[in-house]
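According to our numbering, the residues represented by the sequence shown are 27 to 107, in order.
Virtual Cβ for every residue (Gly too), placed ideally from N, Cα, C.
Keep in mind it's a predicted model, so treat the numbers as computed, not measured.
What follows is a short report on a single structure.
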Amino acid sequence: MIILTAAALGISAGQIRSAGVIALVAALIGMTFALAAITSPGPVSLLAFVYAVLGYNGGLMLFVIGLYANQRLRRATRVSH
Numbered sequence: 027m028i029i030l031t032a033a034a035l036g037i038s039a040g041q042i043r044s045a046g047v048i049a050l051v052a053a054l055i056g057m058t059f060a061l062a063a064i065t066s067p068g069p070v071s072l073l074a075f076v077y078a079v080l081g082y083n084g085g086l087m088l089f090v091i092g093l094y095a096n097q098r099l100r101r102a103t104r105v106s107h
């Protein structure tokens, strides 16, 4: 579930197409994990943080691949007349 949520954040941040927003969301993921680690009474799994970072980066990559595929399909339909 962490990976899917982080991927959704990556796709959403990518849709805004602002490097500042992409960096802000990445920083907020790290700050949220740090705050949870500080306030948690028990041990914190770093693996969950790694999953969140990988999911976020994966979501950004999926968005960029989708943009590329969309652009190629548009060019293919224009040229095929």
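Query raised in the report: Quick one: complete alpha helix (DSSP H) runs, 4+ long, within the region 61-87?
Result: The qualifying runs do not exist here; there are none.
Query - Under the three-state DSSP convention, the category arginine 43 falls into - result: Counting from 1 along the sequence shown, the entry for residue 43 is found at position 17. Arginine 43 sits in coil when the DSSP states are folded into three classes, being neither helix nor strand.
Query - With 16 other Cβ atoms within 10 Å as the buried cut-off, status of isoleucine 55 - result: Counting from 1 along the sequence shown, the entry for residue 55 is found at position 29. Only buried fits isoleucine 55, as 16 or more other CB atoms lie within 10 angstroms of its CB.
Query raised in the report: Can you tell me the Cα-Cα spacing of proline 67 and threonine 103, whole angstroms?
Result: On the sequence shown, residue 67 is found 41 positions in, with the first residue counted as 1. On the sequence shown, residue 103 is found 77 positions in, with the first residue counted as 1. The C-alpha of threonine 103 is placed about 58 Å away from the C-alpha of proline 67.
Requested in this report: Would you please state the rounded distance, in angstroms, between the beta carbons of glycine 85 and isoleucine 37? I believe it to be under 8 Å.
Outcome: As a working mapping, residue 85 is identified with position 59 in the sequence shown. As a working mapping, residue 37 is identified with position 11 in the sequence shown. At roughly 5 Å, the Cβ-Cβ gap stays under 8 Å, so glycine 85 and isoleucine 37 are in contact.
Report task. Can you tell me which of the three DSSP states methionine 27 falls into? Result -> Taking the first residue of the sequence shown as position 1, residue 27 is located at position 1. In the three-state reduction of the DSSP assignment, methionine 27 falls in the coil class.
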